[in-house]
Amino acid sequence: MYLLSSSVFCKQITCPRSELLAIYSATRMVTEIESLIEEHLAACDFCGAETQLLTKYPPTEEKFAPPEIPENLRCLAEAILCHHAPASQFSQSIAFEKQGLTLTDA
11 MYLLSSSVFC
21 KQITCPRSEL
31 LAIYSATRMV
41 TEIESLIEEH
51 LAACDFCGAE
61 TQLLTKYPPT
71 EEKFAPPEIP
81 ENLRCLAEAI
91 LCHHAPASQF
101 SQSIAFEKQG
111 LTLTDA
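Using our numbering, you'd call the opening residue of the sequence shown number 11 and step up by one each time.
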């Protein structure tokens, strides 16, 4: 169905968004976009596989809530992203937590 290429099997910057591939697989658009997508699918194994997957298992309308981030992980991420604390402070904290059990304690 799709031509195989020797390119790396991953999403590239030139690949259409997954939402556009889902619309394409569900409705078979009759526009100039359809021909652009078909041209891309002929050259991109990843998007061809993604389109086959979306055709077989269409996206659901169900909305999912993101899981709660653990407090200590959120604080660590905020500190790293906002540069509030030096990285050495976190490595000391992690080392302290790992010191809880050792082989000699068993």
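From the three backbone atoms N, C-alpha and C, an ideal C-beta is built for every residue, glycine too.
Using the rule of at least 16 other Cβ atoms within 10 Å of the residue's Cβ for burial, across every protein chain shown, is ILE47 buried or exposed?
As a position in the sequence shown, residue 47 is number 37, starting the count at 1. Buried.
Assuming contact is defined by CB atoms lying nearer than 8 Å, are CYS92 and PHE56 in contact in what I supplied?
Indexing the sequence shown from 1 puts residue 92 at position 82. Indexing the sequence shown from 1 puts residue 56 at position 46. No; because the gap between Cβ atoms is not below 8 Å, this pair is not in contact.
Could you tell me the distance, in whole angstroms, from the CA atom of ALA116 to the CA atom of ILE90?
On the sequence shown, residue 116 is found 106 positions in, with the first residue counted as 1. On the sequence shown, residue 90 is found 80 positions in, with the first residue counted as 1. Low confidence applies here, because ALA116 scores a pLDDT of 48, under 50, leaving its location unreliable; read the following figure in that light. When rounded, the distance between both Cα atoms is 35 Å.
Output the boundary residues of the alpha helix (DSSP H) element that contains CYS57.
Residue numbering aside, residue 57 sits at position 47 when the sequence shown is read from its first letter. CYS57 -> alpha helix (DSSP H) spans 55-66.
I'd like to know if the segment 61-80 and the segment 26-35 are in contact, where contact means that at least 3 CB-CB pairs between them fall below 8 Å.
yes
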